[in-house]
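Asks: In the working numbering, the protein residues as written are 4 to 250.
Below: one structure in structure tokens.
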């Protein structure tokens, strides 16, 4: 059974999706979601963050960003957005190290760790993503890869590691329709919690990877799974509501 002493989260990651009109309806529905024992977050593209903050004002839903700069200070970093900028517009969480950032933008473990540190420095909660590719899983390297990725963040944050959320996202299960079985997710989540040491008792570890209304309950029932980082299903109000209800 899930450990109810740790915070439980369902966080929607819109990725590069949305429009002002479509967002309005989706955010209105998310605002009204019943959250029995679940914390809810929405991570929108940069340009829609002010809209999300305004729509969810005075609600319990947390607005997050999908990335931030590793540079804490303002300066000549064209195209970058700092943690301080995000905090100023009302953002409270930020995803760091998503597999798509690692894959398409060459983000290393060290860059991800620097971004997590920058997030904390700006008063934001980093959602630290870790996960292996299909090649790495087939080579029995899943635990090694995840521990390496998480270890870099732990080294950078020190005792502040207990202030993050961790999201395990097997790369082979993102946007592919494939999903890790509940047992596969549990094995890696247990390994992550062991790697966290004493912080493992308080740090929520979420699962991300083709979570849908149809499989959320079985995944969330695992003892070390504290919720989900939800991609495509977070763009459909009914599907997202069902996933929140499953927690």
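Glycine included, each C-beta is placed from N, C-alpha and C at the ideal position.
Computed from a predicted structure; not experimentally measured.
1) Would you mind stating whether residue 189 and residue 228 have Cβ atoms separated by less than 8 Å?
2) Could you compute how far the alpha carbon of residue 61 sits from the alpha carbon of residue 121?
3) Any idea what DSSP makes of residue 250, helix, strand or coil?
4) How many angstroms separate the CA atom of residue 179 from the CA atom of residue 213?
5) So residue 134 and residue 185 are in contact, right, with Cβ under 8 Å, and what is the actual spacing, rounded?
6) Tell me which residues share the same chain as residue 221 and place their Cβ nearer than 8 Å to its Cβ, disregarding the 5 neighbours each side in the sequence.
7) Quick check on residue 25: does DSSP put it in helix, strand or coil?
8) Between 108, 69, 107, which lies nearest to residue 89 when the distance is taken from Cα to Cα?
9) Could you give the uninterrupted runs of the beta strand (DSSP E) lying entirely in the segment 167-214, keeping only those of 3 residues or more?
10) When DSSP labels each residue in this structure, what does residue 42 get in the three-state scheme?
11) Can you find at least 3 beta carbon pairs, one from the segment 80-94 and one from the segment 103-111, that sit closer than 8 Å?
12) DSSP has residue 12 in a bridge; who is on the other side?
13) Evaluate residue 80 with the Cβ neighbour count: other Cβ atoms within 10 Å of its Cβ, from every protein chain shown; 16 or more gives buried, anything less gives exposed.
14) Tell me which residues share the same chain as residue 233 and place their Cβ nearer than 8 Å to its Cβ, disregarding the 5 neighbours each side in the sequence.
Replies: Based on what the coordinates show:
1) Within the chain shown, residue 189 is the residue found at index 186, counting from 1. Within the chain shown, residue 228 is the residue found at index 225, counting from 1. Yes, the pair counts as a contact, with Cβ atoms nearer than the cut-off.
2) Start at 1 with the first residue of the chain shown, and residue 61 comes out as number 58. Start at 1 with the first residue of the chain shown, and residue 121 comes out as number 118. The straight-line gap from Cα to Cα measures roughly 26 Å.
3) Translated into the one-based positions of the chain shown, residue 250 becomes position 247. In this structure, residue 250 counts as coil in the three-state DSSP scheme.
4) Locating residue 179 in the chain shown gives position 176, where the first residue counts as 1. Locating residue 213 in the chain shown gives position 210, where the first residue counts as 1. Spanning the two alpha carbons is a distance of roughly 7 Å.
5) Taking the chain shown and counting its residues from 1, one reaches residue 134 at position 131. Taking the chain shown and counting its residues from 1, one reaches residue 185 at position 182. The Cβ separation is near 16 Å, so there is no contact.
6) Translated into positions along the chain shown, residue 221 becomes position 218. If we look at residue 221 and ignore the five residues flanking it on each side, its Cβ neighbours are 185.
7) As a position in the chain shown, residue 25 is number 22, starting the count at 1. The answer is helix: DSSP assigns residue 25 an H, G or I state.
8) Taking the chain shown and counting its residues from 1, one reaches residue 89 at position 86. Of 108, 69, 107, the residue nearest in Cα terms is 69.
9) 168-171, 208-210
10) For this step, residue 42 is matched to residue 39 along the chain shown. In this structure, residue 42 counts as strand in the three-state DSSP scheme.
11) no
12) The residue labelled residue 12 in the question sits at position 9 within the chain shown. Its beta-bridge partners are 42, 230.
13) For the purposes of this step, residue 80 is taken as residue 77 along the chain shown, with counting starting at 1. Per the 10 Å Cβ criterion, exposed.
14) By 1-based counting over the chain shown, the position of residue 233 is 230. Excluding sequence neighbours, residue 233 sits near 13, 14, 15, 16, 211, 214, 243, 246.
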